[in-house]
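Encoded as structure tokens, the structure appears first; notes follow it.
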Amino acid sequence: MRYLLPLALALCLIGCATSPQQQAQRTRNSRVGQLMTVRTTAYTQTEAGGWKNAIGGRLHFGGVEYSAASDWSWMPLGTRFILLSTGHEYVIEDYGSALVNKQTIDLFFPSRKQMRNWGVRHEQIKILEWGSQAMSLKLLAGRCKNSHVRVMVAQLKKQGVVPSS
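Going letter by letter, the sequence shown gives residues -24 to -1, 1 to 141 in mature numbering (1 follows the signal peptide of the UniProt record, and there is no 0).
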């Protein structure tokens, strides 16, 4: 009888355990339209890459959407969200070495002054649409000479992602 409670607790914990793949999928499915509080930082075009994003297009600031960067194994390419404090819609179209394993979103600003003024903030966002892990993996796979890219590729593969064709 004295072993019954620990055994029941152990079985309950085992039954609740989920793999990283299941956790990532559950997070993506459950967060569309919901709020998340995330750490945000800022970057500008005077850093490596200039005005180009990771998919070869131009970084956006203003108009319909704004550019942002993340660890694509956490928040994949094409993810759209609204930054609630500004009302601006952002799209993940870039990544950076400092973002890997950080669950941080890097927001693009066109000047160093704006970038410095932003600093580091914890902000609420509303996910509008999750991007494509498969497309993220496809684009990253050819760039594995960089260690931070290798880490994202390994994490995407560990989550069971297959590159899109």
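A virtual CB, placed ideally from N, CA and C, is assigned to each residue, including glycine.
Judged by DSSP in its simplified three-state form, Met51 adopts coil rather than helix or strand. By the Cβ-count criterion, Leu113 is buried, with 16 or more other Cβ atoms from all chains shown falling within 10 Å of its own Cβ. In the three-state DSSP reduction, Gln10 falls in the coil class, being neither helix nor strand. The alpha-carbon separation between Gln21 and Ser49 amounts to approximately 23 Å.
Residue pairing by DSSP places Tyr66 opposite Tyr42 and Phe57 in a beta bridge.
Runs of the alpha helix (DSSP H) lying entirely within the region 76 to 120 and spanning at least 4 residues, in chain order: 88 to 94 and 109 to 117. Cα atoms of Asn122 and Gly72: separation of roughly 11 Å, rounded to the nearest angstrom. Excluding its 5 nearest sequence neighbours in each direction, Leu59 has C-beta neighbours in its own chain below 7 Å: Tyr66, Glu99 and Ile101, listed in chain order.
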